[in-house]
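To keep things clear, I will list the structure first and then write my remarks on it.
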Amino acid sequence: MRALLEYVGRMSYRLLVEAGQMVMMLASAMSWLPRPPLKLSLIFKQMEFVGVKSTTVVMLTGASTGAVLALQTYYGFSKFNAETMVGAIVTLSMTRELGPVLTALMVTARAGSGMATELGTMRVTEQIDALEVMAANPIKHLVVPRLVAGVLMLPVLTVISVFVGVFGGYMVGVNLLHINPGLFMSKVYEIVELPDLLNGLVKSACFGLILSLVGCYKGFATTGGAEGVGRAATEAVVLASVLILISDYFLTALMF
Amino acid sequence: MDGERDTTRPAIQVVDIHKTLGRKVVLDGINLDIERGKTTVIIGQSGGGKSVLLKHVIGLMKPDAGQVVVDDVDITTLNDRELNEVRKKFGMLFQGGALFDSMTVGENVAFPLKEHTDKGEKEIREIVREKLQQVGLKGIEHMMPAELSGGMKKRVALARAVALDPEIVLFDEPTTGLDPVTSDAIDDLIISTHEHTKATLVVISHDIAGTFKVAHKVAMIYQGNIILEGTPDDFRNSSNPVVRQFIERKAEGPIKIL
């Protein structure tokens, strides 16, 4: 019993320390962000890594989610003759919830782990120390570009994911389940509104910040060689995913 | 101080530095003056606090107590931006080279120049070529660090460390992990760097032969303190059993194996 309590205590203490350190890192990044030179080339490089290179996996996820969603809602809705609503429901789910969350989780697995690995390797091979010794602030050079890329690219990826998802739903609904295409689209226009999409985009920008910040933090905190780098990558994915899911609820409740 | 630098005063003064990491007392009140324009080698056991001391000298670590004075400024009290100004006087060669592996060799050497000078592309290219030539490398600007051997990495890292012609260059175990021949070549390079630049060099090492070859002054750390400092001859003639055990490389003696 006592061991259990000690364990819980130790874990909560560690969690609080980590949260504090992450907030400090974010604050430091915010203070470096507006200071010239802006290092746009570093930012573009990260935008390519986070955004462009995640497009394929995000499209795949979006298409599959939209298609499956159409099948599943059709099954439910056909029980009370509401098949024409399938398009609207798919679109609502994609814009408000599944687009942002699934995109964020996929990008976490791809780019968040990549950040932790790259920065972790730089940490254990003293490249981060080398930056600091050369009077080049590591936060400015490494963290700021990644945070900016995360916040800017996640909404873009989410739009792609939503678009592809609705397209997937349309293909399944109209071509496979023979829903009238006119009705399918008119219900989408009737029910889905711009704020639904904006709501999702705000969320996705927050998720982008979370996954980049956690990736950078875990990378910077890496100790102990190759094993440590692997651990950093795993922890970054787990922690970022958990934080994304938790913050998803609160962001949704806030913007309800 | 106005312009004229007092050359008799030490370049770096380490004053009563204490540092505890975890539960281990690593530095226990170290005092050390690093003479200007000389090569000082700090020797000691692996894990004995040499690297920790070097990290204090360049402000990567803050001491629990004590001062590090560089040109009349106690760097332990500075904030990040003030510290960055002081760091421009320094160059540092890291143990594994610490080259940025996302950049080519040329970009690595050019990095400090691009960061801290207004020089144009062409001029920077010229300086990079010259600095690489000084360390015996030619025409490898386009290569990636991953394609280089250990000795070459160290050379490139040295070229990067001296790119801004710093007043002080720190070497973190420059020959560790290299074969004896390459090690000797790196030692030669340290000597020629000193002749070229007249900079203050601080080397940490546990390579006895190399130490005696490059050092004007040697200091030995033992149990968190400086146990002896002096010329290489002072060390050769020392009767201190700890010093004798270390320079004669014996496992038996007062030094415990960590």
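Chains as they are written, first to last, in our numbering: chain A, 10 to 265; chain B, 8 to 265. Even glycine gets a Cβ: it sits at the ideal position worked out from N, Cα and C.
Checklist line | GLY159(A) and VAL59(A) closer than 8 Å at C-beta | finding: Within the first sequence, the letter at position 150 stands for residue 159(A). Within the first sequence, the letter at position 50 stands for residue 59(A). Their beta carbons are under 8 Å apart, which means GLY159(A) touches VAL59(A) by this criterion.
Margin query: Do LEU51(A) and PRO154(A) have their beta-carbon atoms positioned less than 8 Å apart in this structure?
Written below: To locate residue 154(A), count along the first sequence from 1; it is residue 145. To locate residue 51(A), count along the first sequence from 1; it is residue 42. Yes.
Next item on the list: Starting from PHE178(B), trace the beta strand (DSSP E) both ways and give me its first and last residue.
Entry: As a first step, residue 178(B) must be located in the second sequence, where it is residue number 171. That run of the beta strand (DSSP E) goes 175–179.
Margin query: Within 8 Å of any Cβ in chain B, is that where the Cβ of THR231(A) sits?
Written below: As a working mapping, residue 231(A) is identified with position 222 in the first sequence. THR231(A) does not count as touching chain B.
Notebook entry, point to check: How many whole angstroms separate the CB atoms of ALA170(B) and ILE134(B), which I take to be in contact at a CB cut-off of 8 Å?
Noted result: Numbered from 1 along the second sequence, position 163 holds the residue referred to as residue 170(B). Numbered from 1 along the second sequence, position 127 holds the residue referred to as residue 134(B). Between ILE134(B) and ALA170(B) the Cβ distance is about 7 Å, and since that is below 8 Å, they are a contact.
Check: At which residues does the beta strand (DSSP E) containing GLU236(B) begin and terminate?
Finding: Looking up residue 236(B) in the second sequence gives position 229. Run containing GLU236(B): 232–237, per the beta strand (DSSP E) assignment.
Notebook entry, point to check: What are the boundary residues of the alpha helix (DSSP H) that includes THR100(A)?
Noted result: Within the first sequence, numbered from 1, the residue matching residue 100(A) stands at position 91. Segment 95–102, the alpha helix (DSSP H) holding THR100(A).
Notebook entry, point to check: Considering GLY51(B), what are the terminal residues of the beta strand (DSSP E) in which it resides?
Noted result: Mapped onto the second sequence, residue 51(B) falls at position 44. From DSSP, the beta strand (DSSP E) with GLY51(B) extends over 46–51.
Next item on the list: Examine chain B for any beta-carbon lying closer than 8 Å to the beta-carbon of ALA125(A), and answer yes or no.
Entry: Against the first sequence, residue 125(A) aligns to sequence position 116. Not one chain B Cβ lies under 8 Å of ALA125(A).
Checklist line | Contact residues within the region 128–141 of chain A, judged by C-beta distance below 7 Å to chain E | finding: Going by chain labels, chain E is absent from the structure shown, which instead holds the protein chains A and B.
Next item on the list: Assuming ALA125(A) contacts ALA105(B) (C-beta within less than 8 Å), just tell me the rounded distance between them.
Entry: Within the first sequence, the letter at position 116 stands for residue 125(A). Within the second sequence, the letter at position 98 stands for residue 105(B). About 19 Å; that fails the 8 Å criterion.
Note to self: Distance cutoff 8 Å, beta carbons only. Does LYS45(B) sit that close to anything in chain A?
What the structure shows: Against the second sequence, residue 45(B) aligns to sequence position 38. Closer than 8 Å: no.
Check: Which residues in chain B sit within 9 Å of ASN334(A), going by Cβ to Cβ distance?
Finding: Lying outside 10 to 265, the shown extent of chain A, residue 334(A) is not represented and no answer is given.
Next item on the list: Give me whichever residues DSSP pairs with ILE169(A) in a beta bridge.
Entry: Position 160 of the first sequence holds residue 169(A). According to DSSP, which records beta bridges pairwise, ILE169(A) is partnered with nothing at all.
Next item on the list: Report yes if the CB atom of ALA226(B) is closer than 8 Å to the CB atom of ILE49(B), and no otherwise.
Entry: By 1-based counting over the second sequence, the position of residue 226(B) is 219. By 1-based counting over the second sequence, the position of residue 49(B) is 42. Cβ distance < 8 Å, so ALA226(B) and ILE49(B) count as in contact.
Note to self: Strictly under 8 Å for the Cβ-Cβ distance: is ALA158(A) near chain B by that measure?
What the structure shows: Numbered from its first residue, the first sequence carries residue 158(A) at position 149. By this cut-off, ALA158(A) is not an interface position.
Checklist line | Contact residues within the region 142–153 of chain A, judged by C-beta distance below 8 Å to chain B | finding: VAL142, MET143, ALA144, ALA145, ASN146
Item checked: Three-way DSSP call (helix, strand, coil) for LEU39(B) in this model -> Numbered from its first residue, the second sequence carries residue 39(B) at position 32. Of the three classes helix, strand and coil, the one that applies to LEU39(B) here is strand, per DSSP.
Next item on the list: Label GLU272(B) either buried or exposed according to how many other C-beta atoms from any shown protein chain fall within 10 Å of its C-beta, with 16 as the threshold for buried.
Entry: Nothing about residue 272(B) can be read from this structure; chain B reaches only from 8 to 265.
Item checked: Uninterrupted beta strand (DSSP E) stretches inside the region 202–226 of chain B (no shorter than 3 residues) -> 207–212
Check: Can you tell which of VAL181(A), ASP257(A), LEU222(A), PHE176(A) has its C-alpha closest to the C-alpha of LEU35(A)?
Finding: Counting from 1 along the first sequence, the entry for residue 35(A) is found at position 26. Answer by Cα proximity: LEU222(A).
Item checked: Distance between beta carbons of ILE215(B) and ILE254(B), contact taken as under 8 Å -> Translated into positions along the second sequence, residue 254(B) becomes position 247. Translated into positions along the second sequence, residue 215(B) becomes position 208. Yes, ILE254(B) and ILE215(B) are in contact; Cβ-Cβ is about 5 Å, under 8 Å.
Check: To the nearest whole angstrom, what separates the beta carbons of ALA224(B) and LYS45(B), a pair I think is in contact under 8 Å?
Finding: In the second sequence, residue 224(B) corresponds to position 217, counting from 1. In the second sequence, residue 45(B) corresponds to position 38, counting from 1. Residue 224(B) is actually Lys in this sequence, not Ala. Correct: roughly 6 Å between the Cβ atoms.
Next item on the list: Determine the direct distance from the alpha carbon of ARG167(B) to that of GLU122(B), and round the result to whole angstroms.
Entry: On the second sequence, position 115 is the one that residue 122(B) refers to. On the second sequence, position 160 is the one that residue 167(B) refers to. Distance between the alpha carbons of GLU122(B) and ARG167(B) is about 12 Å.
Next item on the list: Pick helix, strand or coil for GLN20(B), following the three-state DSSP scheme.
Entry: By 1-based counting over the second sequence, the position of residue 20(B) is 13. Residue state, collapsed to three classes: strand.
Check: Should HIS25(B) be flagged as near chain A, meaning a C-beta pair shorter than 8 Å?
Finding: Stepping through the second sequence from its first residue, residue 25(B) is reached at position 18. Not an interface residue.
Next item on the list: Determine, using beta carbons only, whether LEU67(B) comes closer than 8 Å to chain A.
Entry: Locating residue 67(B) in the second sequence gives position 60, where the first residue counts as 1. Yes, LEU67(B) counts as interfacial toward chain A.
Notebook entry, point to check: Among all the DSSP beta bridges, which residues are the ones paired with ASP81(B)?
Noted result: As a first step, residue 81(B) is located in the second sequence; it is residue number 74 there, counting from the start. Per DSSP, VAL76(B).
Next item on the list: Tell me, please, whether the CB atom of GLY54(B) is closer than 8 Å to any CB atom in chain A?
Entry: Here residue 54(B) refers to the residue found at position 47 when the second sequence is read from its first residue. It does not: the Cβ of GLY54(B) has no partner Cβ on chain A nearer than 8 Å.
Notebook entry, point to check: List, in order along the chain, the chain A residues whose C-beta lies closer than 8 Å to that of ASN91(B)?
Noted result: For the purposes of this step, residue 91(B) is identified with residue 84 of the second sequence, where counting begins at 1. For ASN91(B), the residues of chain A that pass the 8 Å Cβ criterion are ALA144, ASN146, in the order they occur in the chain.
Next item on the list: For chain A, find out if any of its Cβ atoms is closer than 8 Å to the Cβ of PHE219(B); answer yes or no.
Entry: Locating residue 219(B) in the second sequence gives position 212, counting from the first residue. So, not an interface residue.
Next item on the list: Return the chain-ordered list of same chain residues with a C-beta closer than 6 Å to the C-beta of ALA117(B), the five sequence neighbours on each side being excluded.
Entry: In the second sequence, counting from the first residue as 1, residue 117(B) sits at position 110. Answer for ALA117(B): ILE131, VAL135, listed in chain order.
Item checked: Minimum Cβ-Cβ distance from MET150(B) to chain A less than 8 Å -> Start at 1 with the first residue of the second sequence, and residue 150(B) comes out as number 143. Answer no: the Cβ-Cβ gap between MET150(B) and chain A never drops below 8 Å.
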